[in-house]
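Novice:
Residue numbers (the numbering used here): 45 to 469.
#1: For the 8 Å Cβ check, are there 3 or more pairs between the region 211 to 230 and the region 362 to 377?
#2: State buried or exposed for residue 176, treating a residue as buried only when at least 16 other CB atoms are found within 10 Å of its CB.
#3: Flag this pair as touching only if the region 249 to 267 and the region 293 to 307 have three or more C-beta atom pairs under 8 Å; answer yes or no.
#4: Could one say the Cβ of residue 116 lies closer than 9 Å to chain D's Cβ atoms, at least one of them?
#5: Quick one: complete beta strand (DSSP E) runs, 3+ long, within the region 384 to 438?
#6: Note down, in chain order, each residue of its chain lying with its Cβ closer than 6 Å to the Cβ of residue 207, except the 5 sequence neighbours on either side.
#7: For residue 356 and residue 333, what's the separation of their Cα atoms in angstroms?
#8: In the DSSP assignment, what residue or residues form a beta bridge with residue 291?
#9: Report the option in 258, 313, 266 and 179 whose CA atom is closest to the CA atom of residue 233.
#10: On a Cα-Cα basis, can you pick out the residue from 256, 264, 262 and 286 that is closest to residue 280?
#11: For the beta strand (DSSP E) that residue 251 lies in, which residues bound it at each end?
#12: In whole angstroms, what is the alpha-carbon distance linking residue 362 and residue 180?
#13: From the DSSP output, read off the bridge partner residues of residue 322.
#14: Look up residue 75 in the DSSP assignment and say whether it is helix, strand or coil.
#15: State whether the region 433 to 440 contacts the region 261 to 269, with contact taken as three or more CB pairs (one from each stretch) at a distance under 8 Å.
#16: Roughly how many angstroms lie between the CA atoms of residue 290 and residue 184, to the nearest whole one?
#17: If you follow the beta strand (DSSP E) that residue 483 is in, where does it begin and where does it stop?
#18: Secondary structure at residue 176, three-state DSSP: helix, strand or coil?
#19: Residue 329 to residue 311, Cα distance in whole Å?
#20: Do the region 88 to 96 and the region 384 to 399 make contact, defined as three or more Cβ pairs closer than 8 Å?
#21: Residue 103 and residue 430 - do their beta-carbons sit closer together than 9 Å?
#22: How would you call residue 449, buried or exposed, if buried means at least 16 neighbouring beta carbons within 10 angstroms?
#23: Just curious, the beta strand (DSSP E) that residue 300 is in, first and last residue?
#24: Name, in chain order, the residues that DSSP records as bridge partners for residue 262.
#25: Name the residue from 423, 419 and 451 whose alpha carbon lies nearest to the alpha carbon of residue 441.
#26: From this set, 404, 287, 197 and 276, which residue's C-alpha is nearest residue 296's C-alpha?
#27: If the criterion is Cβ atoms closer than 9 Å, does the pair residue 399 and residue 267 meet it?
#28: Hey, quick one: how far does the beta strand (DSSP E) through residue 270 stretch, first residue to last?
#29: Taking residue 432 as the reference, give the member of 305, 417, 271 and 284 with the closest Cα.
#30: Any idea what DSSP makes of residue 117, helix, strand or coil?
#31: Kindly give me the distance between the Cβ atoms of residue 411 and residue 374, rounded to whole angstroms, as I take these residues to be in contact under 8 Å.
#32: Using a threshold of 9 Å, state whether the C-beta atoms of residue 221 and residue 384 are closer than that.
#33: Which residue or residues does DSSP assign as beta-bridge partners of residue 182?
#34: On a CA-only basis, which of 113, 408, 95 and 173 is nearest residue 376? Give me that one, please.
#35: Below 8 Å on the Cβ atoms is my guess for residue 109 versus residue 236; work out the distance and round it to an integer in Å.
#36: Are the Cβ atoms of residue 111 and residue 446 separated by less than 9 Å?
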């Protein structure tokens with residue numbers, strides 16, 4: 045390697061100058077390959093940042109409900125950032141005289157570089173009738189199936205989401221003095237559900253069945269357009285006689301509950317069937333969930349002994365879930381007057397551990413920012429947070445994030461934030 049300092053011969057000076065030029069070219073080539081690496085790195089960083097913002101916003105709105113303040117949501121619509129980098133080098137030689145047969149030169153070289161990330165974030169407040177509807181409307185019953193498919197237990201979903209199922213009254217969504225606990229039957233039902241799930245004898249989730257819409261249609265009478273139309277509307281043509289005739293059937297998934305034969309034969313399973321007033325042996329071996337149409341009595345009021353083939357559920361709103369979880373927020377002693385009292389809540393859940401959400405979910409407070417919390421937010425001069433070691437609280441908070449994505453987030457914007465990363469070199 046030629047050394048590029050001090051007094052050099054002509055040949056050495058030329059070699060060093062070419063080396064400097066080669067270094068610049070090499071750096072320029074590296075700059076052109078940095079784009080994909082920068083995109084990958086920036087994508088992960090922005091992913092973490094967006095996740096953190098959503099978590100903090102949801103936590104803040106639970107705390108706001110504890111202080112009887114209305115929730116407020118914003119949407120990150122897009123993130124556009126320009127990533128640029130530049131590299132430069134210079135080399136020069138000055139003649140300093142001759143020595144024998146060699147001429148001497150003083151060589152000077154220099155390198156320079158810069159990197160810049162200039163993001164532009166577009167944030168919009170979520171407001172208007174569409175968002176209010178998403179906050180206040182009862183969640184659809186298929187939310188139970190989707191959450192169960194994600195691994196949340198049915199007894200927890202009953203506590204968080206369901207206010208009434210087949211006449212069994214669950215926990216009301218009121219706060220403070222307006223809080224109303226569930227009926228004794230609901231608490232009993234939670235205990236039975238918990239026991240049967242521990243035995244793997246009760247399953248709730250999404251089920252598919254191929255119910256026929258009408259009579260059989262000969263195979264040669266079904267057009268290509270009818271085949272395509274069936275697929276686009278979550279239906280299917282099915283044959284039961286070696287493709288001679290077809291039936292148009294329902295191919296969608298539905299939320300339902302099923303019991304094992306052992307559960308149906310047990311005293312617990314029979315008591316659950318009795319409380320819910322359902323037929324113990326439905327045709328599909330499952331009981332689908334449907335929206336409730338009447339609160340008192342059954343749909344067939346003329347038949348008081350009618351046994352239902354489905355589970356009619358009155359669902360809570362996302363606003364109601366925030367209200368309920370706000371009971372788990374601890375507040376500083378000086379703020380007791382500014383928050384709703386939880387005396388009514390404590391009185392209602394006394395002796396009902398399966399209903400006491402504060403036994404499963406706690407948001408704590410601290411004067412100083414906590415170290416390594418799961419999620420934290422500063423509000424009214426103090427820090428509210430969920431401890432990273434509190435696994436039960438983290439689990440329920442994750443359920444709330446999933447509910448937010450299912451119920452509220454789609455109403456605010458047409459899609460997730462768009463991340464644009466043009467790279468200039």
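Glycine is no exception: its CB is placed at the ideal position from the N, C-alpha and C atoms.
Specialist: Answer, in terms of the structure:
#1: yes
#2: exposed
#3: yes
#4: Protein chains in the displayed structure number just one, and chain D is not present.
#5: 408 to 410, 419 to 423 and 426 to 430
#6: 214, 358 and 360
#7: 6 Å
#8: 282
#9: 313
#10: 256
#11: 246 to 252
#12: 7 Å
#13: 352
#14: Note that residue 75 scores a pLDDT of 49, beneath 50, so its modelled location is shaky and nothing firm can be said.
#15: no
#16: 32 Å
#17: Not covered by the structure: residue 483. The range shown for the chain is 45 to 469.
#18: helix
#19: 19 Å
#20: no
#21: yes
#22: exposed
#23: 297 to 303
#24: 289
#25: 419
#26: 276
#27: no
#28: From DSSP, residue 270 is part of no beta strand (DSSP E) but of the alpha helix (DSSP H) over 268 to 276.
#29: 417
#30: strand
#31: In fact, because the Cβ distance is near 13 Å, the residues do not count as touching under 8 Å.
#32: yes
#33: 361
#34: 408
#35: Not a contact, Cβ separation roughly 31 Å.
#36: no
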